[in-house]
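Student: The structure that follows is given in the form of structure tokens.
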Amino acid sequence: MLLDGAGIPGSESICSHGVAWYTHRLGGALLGRLSRDDGRDLAAILATTIGEIAADHRGTCDLTNPSSPQATVVIVRAHRGRLDYLLLADSFLVLDQVCGGPQVITDEREVTTRRICSASLDGVPGGTVEYDRIRDSCIEALQARRNQPGGYWIAKDDPHAAEEAVTGSRPLHHLHSVALLSNGASRIVSPYGLTDWPGVLELLAANGPADIVRRVRQAEARTSADPDARVPDDATVAHWTRLPRSEVGELS
Numbered sequence: 008m009l010l011d012g013a014g015i016p017g018s019e020s021i022c023s024h025g026v027a028w029y030t031h032r033l034g035g036a037l038l039g040r041l042s043r044d045d046g047r048d049l050a051a052i053l054a055t056t057i058g059e060i061a062a063d064h065r066g067t068c069d070l071t072n073p074s075s076p077q078a079t080v081v082i083v084r085a086h087r088g089r090l091d092y093l094l095l096a097d098s099f100l101v102l103d104q105v106c107g108g109p110q111v112i113t114d115e116r117e118v119t120t121r122r123i124c125s126a127s128l129d130g131v132p133g134g135t136v137e138y139d140r141i142r143d144s145c146i147e148a149l150q151a152r153r154n155q156p157g158g159y160w161i162a163k164d165d166p167h168a169a170e171e172a173v174t175g176s177r178p179l180h181h182l183h184s185v186a187l188l189s190n191g192a193s194r195i196v197s198p199y200g201l202t203d204w205p206g207v208l209e210l211l212a213a214n215g216p217a218d219i220v221r222r223v224r225q226a227e228a229r230t231s232a233d234p235d236a237r238v239p240d241d242a243t244v245a246h247w248t249r250l251p252r253s254e255v256g257e258l259s
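Put into structure tokens, the structure is as follows:
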């Protein structure tokens, strides 16, 4: 499982707990339910958990505020010979297939929504009053589309978001390994272009997740033509290197 927390620093007046608290509580509760190994639908597990964590701080925090803590979610589960998966928001799941190369799965709705909302910035000189004004309106437009039909979905306070997750299942014997990457770690492919997805799997097999993060951090430190790409982002990678057949798998 991989969670990538999101929120705005300095928003303690909105939620006194913060993003780290939310992500830790959400992840811990999810692991508790997944450990029962009862084969329950992953979206149903996530919905119940989102509702539980929201109830824990609804009385003290403004959960309706778009800046209150939230998180992307990727879950993989081996159960009865199959790998079940769920993605909510813009993290990545890479299935290292026995035949046919890697299958890359992500939820593209946030990226698509962000692109639509920021289209009005095209051609506007950066660092100007006009640019700042339009950028602020773009941020408001993006927030208004969060957890809304036609927008994008993320784990926050609405259990219904789980129903909108990208889900699927694959036979375990069709897979060598599985990689989970936050969107910050996926920058190694785009926008930095340091490798492709088969190359990501090769780097993971040779050097482990830390090498992916190191390369991303090095790229972030260099000058980029894309202003957004220069802003450091959380980079997390999990690599399941030995999928279970009759034994327990190993996670690196």
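Note that my numbering has the sequence shown beginning at 8, numbered continuously upward.
Glycine included, each C-beta is placed from N, C-alpha and C at the ideal position.
Going along the chain, which residues of its own chain have a beta-carbon closer than 8 Å to the beta-carbon of Glu170, five neighbours each way excluded?
Tutor: Taken in chain order, the residues that qualify are Ala50, Ala54.
Student: Return the chain-ordered list of same chain residues with a C-beta closer than 6 Å to the C-beta of Cys22, the five sequence neighbours on each side being excluded.
Tutor: So the list reads Cys68, Ser75, Pro76, once near-sequence residues are dropped.
Student: What residue range is occupied by the uninterrupted alpha helix (DSSP H) comprising Ile195?
Tutor: Per DSSP, Ile195 belongs to no alpha helix (DSSP H) and is neither H nor E.
Student: By the three-class DSSP mapping on this structure, what secondary structure does His24 have?
Tutor: Coil.
Student: Going by the DSSP bridge assignment, what does Gln150 pair with across the sheet?
Tutor: Per DSSP, none; premise fails for Gln150.
Student: For Tyr159, does the count of other Cβ atoms within 10 angstroms reach 16, so buried, or fall short, so exposed?
Tutor: The residue in question, Tyr159, is buried, as its Cβ has 16 or more Cβ neighbours within 10 Å.
Student: In its own chain, which residues sit with a C-beta less than 6 Å from the C-beta of Ala148, not counting the 5 before and 5 after it?
Tutor: So the list reads Cys124, once near-sequence residues are dropped.
Student: Considering only DSSP beta bridges, list what Tyr92 is partnered with.
Tutor: Tyr92 pairs with Val83, Gly175.
Student: Quick check on the burial criterion: 16 or more other C-beta atoms within 10 angstroms. Buried or exposed for His64?
Tutor: By the neighbour-count rule (16 or more Cβ atoms within 10 Å), His64 is buried.
Student: Give me the residue from Leu94, Gln225, Gly25, Leu100 with the minimum Cα distance to Val244.
Tutor: The option with the nearest alpha carbon to Val244 is Leu100.
Student: According to DSSP, is Leu41 part of a helix, a strand, or is it coil?
Tutor: Residue state, collapsed to three classes: helix.
Student: When DSSP builds the beta bridges, which residues end up paired with Asp103?
Tutor: According to DSSP, which records beta bridges pairwise, Asp103 is partnered with Pro109, Ser184.
Student: Output the boundary residues of the beta strand (DSSP E) element that contains Asp63.
Tutor: Looking at the DSSP string, Asp63 is not in any beta strand (DSSP E); the run it does join, the alpha helix (DSSP H), is 49-64.
Student: Please report the Cβ distance between Ala13 and Ala78, rounded to the nearest whole angstrom; I am assuming they are in contact, meaning their Cβ atoms lie under 8 Å.
Tutor: Indeed they touch by this definition, with Cβ atoms about 6 Å apart.
Student: Taking the alpha-carbon positions, what's the Asp218 to Thr135 distance?
Tutor: Rounded to the nearest angstrom, the two C-alpha atoms are 38 Å apart.
Student: Of all the options Val83, Pro166, Arg142, Thr120, which has the alpha carbon lying nearest to the alpha carbon of Gly130?
Tutor: Nearest option by C-alpha distance: Arg142.
Student: I need the straight-line Cα distance from Thr71 to Leu187, nearest angstrom please.
Tutor: Each residue's alpha carbon lies about 29 Å from the other.
Student: Going by beta carbon distance, what residues of the same chain come within less than 7 Å of Arg153, once the five residues before and after it are set aside?
Tutor: Once the five neighbours on either side are set aside, the close Cβ partners of Arg153 are Pro73, Tyr159, Ile161.
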